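Below is one structure; the comments refer to it alone.
Numbering (my numbering), first residue to last: 89 to 310.
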């Protein structure tokens with residue numbers, strides 16, 4: 089009989105605690121709902137008063153948000169003293185502080201976003217300099233000094249050797265010529281000069297052609 093009495097008291101206490109917690113939670117939730125307001129607003133551009141579509145609206149206090157529709161309208165649950173962050177591409181971010189005047193108003197709130205524009209100075213783009221200047225730049229173009237990027241291959245047996253008569257370059261030398269950055273730059277420089285001369289010939293300006301190879305790449309006479 090005593091055990092049954094203790095069990096009855098124990099389960100009664102558990103039920104009391106459970107119902108108390110439920111009542112407390114319900115009261116707290118109801119109080120939270122009562123403190124929420126519906127913010128009905130429209131987002132417009134500050135200069136032309138056009139609707140801003142797909143603007144992000146975030147309640148920083150409650151950490152929920154929404155986006156504006158095609159008319160710039162949105163509705164969001166907010167609280168008193170809440171901060172609403174409004175952002176959109178091409179516009180400066182805006183933080184709207186909720187107060188009693190905004191929350192008690194029955195009218196649709198107009199929010200004007202200022203455009204975020206960057207002004208740069210005038211830029212003039214030209215295809216190239218005047219023709220005589222461009223020609224002198226190409227003729228007097230100096231090679232790039234790449235010696236600091238490559239080790240000294242002296243006396244290693246990997247340096248370039250003139251092929252003997254009726255012979256071909258070895259595979260190591262051929263691979264080195266293909267992969268060597270300096271050789272690639274030289275081939276590119278020769279190709280650019282060839283294309284330049286081809287354009288001059290098509291224009292009938294044969295006297296304006298330049299040597300196929302720069303002077304530093306030409307073999308010196310014996």
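Ideal Cβ positions, reconstructed from N, Cα and C, are used throughout, including at glycine.
Just so we're clear, the structure is a prediction, and the values are computed from it rather than from any experiment.
Contact set for residue i: own chain, Cβ-Cβ below 6 Å, skip 5 residues either direction
i: residue 141; result: 158
i: residue 169; result: none
i: residue 184; result: 172
i: residue 220; result: none
i: residue 288; result: 296 and 297
Neighbourhood of residue i by C-beta, 8 Å cutoff - its chain only, sequence neighbours within 5 removed
i: residue 124; result: 165, 166 and 167
i: residue 115; result: Since pLDDT at residue 115 reaches only 45, below the 50 mark, its modelled position is unreliable, and no value is offered.
i: residue 203; result: 133, 134, 135, 178, 179 and 180
i: residue 186; result: 125, 127, 166, 167, 168, 169, 170, 171 and 172
i: residue 198; result: 129, 130 and 132
i: residue 150; result: 165, 166, 167 and 170
i: residue 292; result: none
i: residue 188; result: 168
Residues bridged to residue i [DSSP beta-bridge criterion]
i: residue 160; result: Answer by DSSP bridge pairing: none, since residue 160 is not bridged.
i: residue 129; result: 162 and 197
i: residue 153; result: 146
i: residue 167; result: 124
i: residue 174; result: 145 and 182
Closest by C-alpha distance to residue i, when choosing among the options
i: residue 145; options: 134, 135 and 161; result: 161
i: residue 135; options: 284, 205, 286 and 272; result: 205
i: residue 278; options: 292, 300 and 229; result: 300
i: residue 274; options: 183, 149 and 229; result: 229
i: residue 282; options: 294, 291, 298 and 271; result: 298
i: residue 196; options: 291, 137, 293 and 163; result: 163
i: residue 182; options: 226, 143 and 284; result: 143
i: residue 227; options: 284, 174, 191 and 148; result: 284
i: residue 154; options: 286, 302, 175 and 200; result: 175
i: residue 302; options: 223, 292 and 294; result: 223
i: residue 201; options: 152, 138 and 192; result: 138
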